[in-house]
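> From first to last, the protein sequence lines are chains S and E. Here our numbering is used: the first residue of the first sequence is 443, the next is one more, and so on. Here our numbering is used: the first residue of the second sequence is 165, the next is one more, and so on. Yeah, the Cβ is synthetic: ideal placement off N, Cα and C, and Gly gets one too. This structure is a prediction, so every number in the text was calculated from the model and none was measured.
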Amino acid sequence: MSRLSYFARETLISLRRNLLMTIAGIITVLISLVLFGGILLLSSAVDHGTEKWKHGVELEIFMKTNASRSDVDAMKSQLDADKALVKSYRYLDHNAAYAEFKRLFHDQPALIESTTPDVLPESFRVAPVTARLTQQVEIDYNKRPGVDKIVTAQQQIKNLLNATRWIRLIFFVISLALLLSSLFLIVNTIRLATFARRREIEVMRLVGASNWFVRVPFMAEGLVQGAIGAGLAFGFIWVLKVVISNVLNSQQTLFSTFRVTDSDAIGIGILIVIIGAVIGTLGSAIGLRRFLEG
Amino acid sequence: MIRFEDVNKVYKGDLVALKDVSVEIAKGEFVFLVGPSGSGKSTFLKLLLRDEVATAGRVLVAGRDIGRLGAWKVPSLRRNIGCVFQDFKLLTNKTVYENVAFALEVIGRPKHIVRTQVPQILDLVGLGKKTENFPTELSGGEQQRVSIARAFVNRPLILLADEPTGNLDPATTVGIMRLLDRINRTGTTVVMATHDQRIVDAMRRRVLELDHGSLVRDQARGVYGVGS
Numbered sequence: 443m444s445r446l447s448y449f450a451r452e453t454l455i456s457l458r459r460n461l462l463m464t465i466a467g468i469i470t471v472l473i474s475l476v477l478f479g480g481i482l483l484l485s486s487a488v489d490h491g492t493e494k495w496k497h498g499v500e501l502e503i504f505m506k507t508n509a510s511r512s513d514v515d516a517m518k519s520q521l522d523a524d525k526a527l528v529k530s531y532r533y534l535d536h537n538a539a540y541a542e543f544k545r546l547f548h549d550q551p552a553l554i555e556s557t558t559p560d561v562l563p564e565s566f567r568v569a570p571v572t573a574r575l576t577q578q579v580e581i582d583y584n585k586r587p588g589v590d591k592i593v594t595a596q597q598q599i600k601n602l603l604n605a606t607r608w609i610r611l612i613f614f615v616i617s618l619a620l621l622l623s624s625l626f627l628i629v630n631t632i633r634l635a636t637f638a639r640r641r642e643i644e645v646m647r648l649v650g651a652s653n654w655f656v657r658v659p660f661m662a663e664g665l666v667q668g669a670i671g672a673g674l675a676f677g678f679i680w681v682l683k684v685v686i687s688n689v690l691n692s693q694q695t696l697f698s699t700f701r702v703t704d705s706d707a708i709g710i711g712i713l714i715v716i717i718g719a720v721i722g723t724l725g726s727a728i729g730l731r732r733f734l735e736g
Numbered sequence: 165m166i167r168f169e170d171v172n173k174v175y176k177g178d179l180v181a182l183k184d185v186s187v188e189i190a191k192g193e194f195v196f197l198v199g200p201s202g203s204g205k206s207t208f209l210k211l212l213l214r215d216e217v218a219t220a221g222r223v224l225v226a227g228r229d230i231g232r233l234g235a236w237k238v239p240s241l242r243r244n245i246g247c248v249f250q251d252f253k254l255l256t257n258k259t260v261y262e263n264v265a266f267a268l269e270v271i272g273r274p275k276h277i278v279r280t281q282v283p284q285i286l287d288l289v290g291l292g293k294k295t296e297n298f299p300t301e302l303s304g305g306e307q308q309r310v311s312i313a314r315a316f317v318n319r320p321l322i323l324l325a326d327e328p329t330g331n332l333d334p335a336t337t338v339g340i341m342r343l344l345d346r347i348n349r350t351g352t353t354v355v356m357a358t359h360d361q362r363i364v365d366a367m368r369r370r371v372l373e374l375d376h377g378s379l380v381r382d383q384a385r386g387v388y389g390v391g392s
């Protein structure tokens, strides 16, 4: 107990002594992690909205929910045979559709509860040989028996994917640079802290304090900075999540499938808190290395 | 207790600090280490503290070759060696009591030990009435007493003193030497590096003289300079 209170006291004293540096460290951790978390949040929203449209899949053929077995089988063999138009396809039966439905709406248990596999239509996700043939596939297959409707990847979604790819990359690089600078700031804070307490450290080593005993208060100091910055970032991410959700909900037409879920935000929050703690501890370790070696 | 076997210490830039030094110091001895500045006295003490490692030869403390001690075992060596310096190395933001208690706290001694040991040792060095003063409020001699209390509060086997009276006037010096003598009588081995001819001559203890890193004299009841 007395050790814990000793460490807590020493850490607090040191944090207060370097108040400005401490605040600078916390703010850079905060900004870089908010950026980083924001990108992840945006990415997860885009992923939710574009999950179907990957690996060259350009259109999805929905069968009527009451389509007969033979209609479905006929569709399969037609797609298999149609080498001129169809590169590949994937068949989703009622259960597969239900599994995906559950995954997409896992944070809305009431909706899942009220839905059964048989109300979800069977479908084929089709990747044409080239994207330009999409129109042709749609025309050819629209009239086949048992087909309810055909949905194609909207051009807007693809534009959005391309645009967000660049935005994501740029923000990712910026947040990495900021993370690095917050690491250096913490390293510097810890160096200043060890310098301010060099006489105490000298005495501690002289009377035989163990190395970890000397180090712990400084490690804790870095950890506290990283953790506070990350905790604040978590709060900002949550606010961001609420804002994004509201914007997306008010634009039902295009973005109806773009959603950020609570569990996305929590997962991202936990990730950035871990990153913050790692940055803080790593910064301390580097800051301590030179001063305490030997 | 302490044994140097053909110890050599060469610093960077071929600066030879100790040359083929072999000496044995028994438990409970009081030894003066004399010689001009740069003769290797401080290096001798630093090797004992494992602040430096011998370039060649072995330094043994209580039978253990401390040059081969792993870094994580150095603290336990230092808990058995108290240390006193010319500049006291007291923490100015802590009181007399806190300075001494600090030495026990940072090696993880429980509170009740700290509470009983610290007043005891401060009484021993004659500062029982100044426990709440800060170092800057004390005279040089008193500050050195605090530093000795801090070095001795953990009852080390060995006490090293590097010019402990270098900053003190002759009258104060006598008091400090009495204190060191008293500590020596409890069975603690004391090794003291000094320039002070008067105290060496007055105490008549074993004298080791270093010159340019070589041990040139080892005299059982010696004086500071040969023939003086």
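For Arg-647 (chain S), does the count of other Cβ atoms within 10 angstroms reach 16, so buried, or fall short, so exposed?
Taking the first sequence and counting its residues from 1, one reaches residue 647 (chain S) at position 205. Arg-647 (chain S) comes out buried.
> Quick check on Gly-722 (chain S): buried or exposed, where buried means 16 or more other Cβ atoms within 10 Å of its Cβ?
Looking up residue 722 (chain S) in the first sequence gives position 280. When all chains shown are included, Gly-722 (chain S) counts as buried.
> Residues of chain E with CB closer than 7 Å to the CB of Glu-642 (chain S), please, in chain order.
Start at 1 with the first residue of the first sequence, and residue 642 (chain S) comes out as number 200. Simply Leu-255.
> So what does DSSP say about Gln-577 (chain S), is it helix, strand or coil?
Residue mapping note: residue 577 (chain S) aligns to position 135 of the first sequence, counting from 1. If DSSP states are grouped into helix, strand and coil, Gln-577 (chain S) belongs with the helices.
> Terminal residues of the continuous beta strand (DSSP E) containing Arg-567 (chain S)?
On the first sequence, position 125 is the one that residue 567 (chain S) refers to. Taken as a continuous stretch (DSSP letters only), the beta strand (DSSP E) holding Arg-567 (chain S) covers 565-570.
> Exposed or buried, which one is Asp-345 (chain E) when buried takes at least 16 other CB atoms within 10 Å?
Position 181 of the second sequence holds residue 345 (chain E). The residue is exposed, with fewer than 16 neighbouring Cβ atoms inside 10 Å.
> Buried or exposed: where does Leu-212 (chain E) fall if 16 or more other Cβ atoms within 10 Å of its Cβ makes it buried?
In the second sequence, residue 212 (chain E) corresponds to position 48, counting from 1. By the neighbour-count rule (16 or more Cβ atoms within 10 Å), Leu-212 (chain E) is buried.
> By Cβ distance below 6 Å, which residues in the same chain neighbour Phe-566 (chain S) in space, the five residues on each side in sequence not counted?
To locate residue 566 (chain S), count along the first sequence from 1; it is residue 124. These residues qualify, in order along the chain: Ile-503, Tyr-531 and Tyr-533.
> By a C-beta neighbour count over all protein chains shown, 10 Å radius and 16 as the cutoff for buried, is Asn-584 (chain S) buried or exposed?
Walking along the first sequence from the start, residue 584 (chain S) turns up at place 142. Exposed.
> Mind checking who Gly-671 (chain S) pairs with in its DSSP beta bridge?
The sequence position of residue 671 (chain S) within the first sequence is 229, counting from 1. Paired residues: none, contrary to the question.
> Would Ala-267 (chain E) count as contacting chain S if we go by Cβ distances under 8 Å?
Within the second sequence, the letter at position 103 stands for residue 267 (chain E). Closer than 8 Å: yes.
> The segment 449-462 of chain S: which residues have C-beta closer than 7 Å to a C-beta of chain E, in chain order?
Within the segment 449-462 of chain S, no residue has a Cβ that lies closer than 7 Å to any Cβ of chain E.
> Kindly indicate if chain E contains any beta-carbon less than 8 Å away from that of Met-646 (chain S).
Taking the first residue of the first sequence as 1, we reach residue 646 (chain S) at position 204. Chain E contact via Cβ: present.
> Once the 5 residues before and after Met-341 (chain E) are set aside, which same chain residues still bring their CB inside 6 Å of it?
As a first step, residue 341 (chain E) is located in the second sequence; it is residue number 177 there, counting from the start. Ile-363, listed in sequence order.
> State yes or no: is the C-beta of Val-514 (chain S) within less than 8 Å of the C-beta of Ala-569 (chain S)?
Position 72 of the first sequence holds residue 514 (chain S). Position 127 of the first sequence holds residue 569 (chain S). For Val-514 (chain S) and Ala-569 (chain S), no; Cβs fall outside 8 Å.
> Could you tell me the alpha carbon to alpha carbon distance between Lys-205 (chain E) and Leu-374 (chain E), rounded to whole angstroms?
Taking the second sequence and counting its residues from 1, one reaches residue 205 (chain E) at position 41. Taking the second sequence and counting its residues from 1, one reaches residue 374 (chain E) at position 210. Computed Cα separation, rounded: 7 Å.
> Ile-271 (chain E) CB to nearest chain S CB: under 8 Å?
For the purposes of this step, residue 271 (chain E) is identified with residue 107 of the second sequence, where counting begins at 1. True, the Cβ-Cβ gap to chain S drops below 8 Å.
> Going along chain E, which residues have a C-beta under 7 Å from Arg-445 (chain S)?
Your numbering for residue 445 (chain S) matches position 3 in the first sequence. Chain E residues near Arg-445 (chain S): Gly-272.
> Report the CB separation of Gly-290 (chain E) from Arg-309 (chain E) in whole angstroms; it is logged as a contact under 8 Å.
For this step, residue 290 (chain E) is matched to residue 126 along the second sequence. For this step, residue 309 (chain E) is matched to residue 145 along the second sequence. Yes, they are in contact, since the Cβ atoms of Gly-290 (chain E) and Arg-309 (chain E) sit about 6 Å apart, within 8 Å.
> Could you work out which residue in S:Glu-644, S:Ile-554, S:Ile-473 and S:Pro-559 is closest to His-536 (chain S) when comparing CA atoms only?
The residue labelled residue 536 (chain S) in the question sits at position 94 within the first sequence. Here the closest residue by C-alpha is S:Pro-559.
> For Ser-240 (chain E), which residues in chain S fall below 9 Å Cβ to Cβ?
Numbered from 1 along the second sequence, position 76 holds the residue referred to as residue 240 (chain E). Near Ser-240 (chain E) (Cβ distances below 9 Å), the residues of chain S are Gly-650 and Ser-652.
> What does the alpha-carbon distance come out to for the pair Arg-279 (chain E) and Val-185 (chain E)?
Taking the first residue of the second sequence as 1, we reach residue 279 (chain E) at position 115. Taking the first residue of the second sequence as 1, we reach residue 185 (chain E) at position 21. C-alpha separation (whole angstroms): 42 Å.
> Ala-605 (chain S): buried (16+ other C-beta within 10 angstroms of its C-beta) or exposed?
Position 163 of the first sequence, counted from the start, is the residue given in the question as residue 605 (chain S). So Ala-605 (chain S) ends up on the exposed side.
> Less than 8 Å separating the beta-carbons of Val-354 (chain E) and Asn-348 (chain E)?
Taking the first residue of the second sequence as 1, we reach residue 354 (chain E) at position 190. Taking the first residue of the second sequence as 1, we reach residue 348 (chain E) at position 184. Result yes, Cβ atoms of Val-354 (chain E) and Asn-348 (chain E) sit closer than 8 Å.
> Residues of chain S with CB closer than 8 Å to the CB of Arg-243 (chain E), please, in chain order.
As a position in the second sequence, residue 243 (chain E) is number 79, starting the count at 1. Val-649 and Gly-650, listed in chain order.
> By how many angstroms is the C-alpha of Ile-716 (chain S) removed from the C-alpha of Leu-618 (chain S)?
Taking the first residue of the first sequence as position 1, residue 618 (chain S) is located at position 176. Taking the first residue of the first sequence as position 1, residue 716 (chain S) is located at position 274. Looking at the two C-alpha atoms, the distance is approximately 15 Å.
> Can you tell me which of the three DSSP states Glu-262 (chain E) falls into?
Counting from 1 along the second sequence, the entry for residue 262 (chain E) is found at position 98. Note: Glu-262 (chain E) maps to helix in three-state DSSP.
> Whole angstroms are fine: how far does the CA of Ile-554 (chain S) sit from the CA of His-548 (chain S)?
Counted from its first residue, the first sequence places residue 548 (chain S) at position 106. Counted from its first residue, the first sequence places residue 554 (chain S) at position 112. Roughly 8 Å between the two C-alpha positions.
> Would you report the Cα separation of Leu-627 (chain S) and Leu-724 (chain S), rounded to the nearest angstrom?
As a position in the first sequence, residue 627 (chain S) is number 185, starting the count at 1. As a position in the first sequence, residue 724 (chain S) is number 282, starting the count at 1. Their Cα atoms are separated by approximately 12 Å.
> Check whether the segment 660-669 of chain S touches the segment 621-635 of chain S, counting contact only when three or more Cβ pairs, one atom from each stretch, lie closer than 8 Å.
With a cut-off of 8 Å, the segment 621-635 of chain S and the segment 660-669 of chain S count as touching, because enough Cβ pairs lie within range.
> Counting Cβ pairs closer than 8 Å, one from the segment 575-594 of chain S and one from the segment 470-481 of chain S, do we hit at least three?
Short answer: they don't touch.
> Please identify, using Cβ separations under 9 Å, the residues of the segment 665-683 of chain S that lie next to chain E, in order along the chain.
Answer set for the segment 665-683 of chain S: empty.
> What is the DSSP secondary structure of Gln-383 (chain E), counted as helix, strand or coil?
Counting from one through the second sequence, the residue named residue 383 (chain E) turns up at place 219. Three-state DSSP puts Gln-383 (chain E) in a strand.
> In whole angstroms, what separates the C-alpha of Ile-686 (chain S) from that of Gly-677 (chain S)?
Residue numbering aside, residue 686 (chain S) sits at position 244 when the first sequence is read from its first letter. Residue numbering aside, residue 677 (chain S) sits at position 235 when the first sequence is read from its first letter. Approximately 14 Å between the Cα atoms of the pair.
> Straight-line CA distance for Arg-586 (chain S) to Thr-507 (chain S)?
Locating residue 586 (chain S) in the first sequence gives position 144, counting from the first residue. Locating residue 507 (chain S) in the first sequence gives position 65, counting from the first residue. Whole-angstrom Cα-Cα distance: 15 Å.
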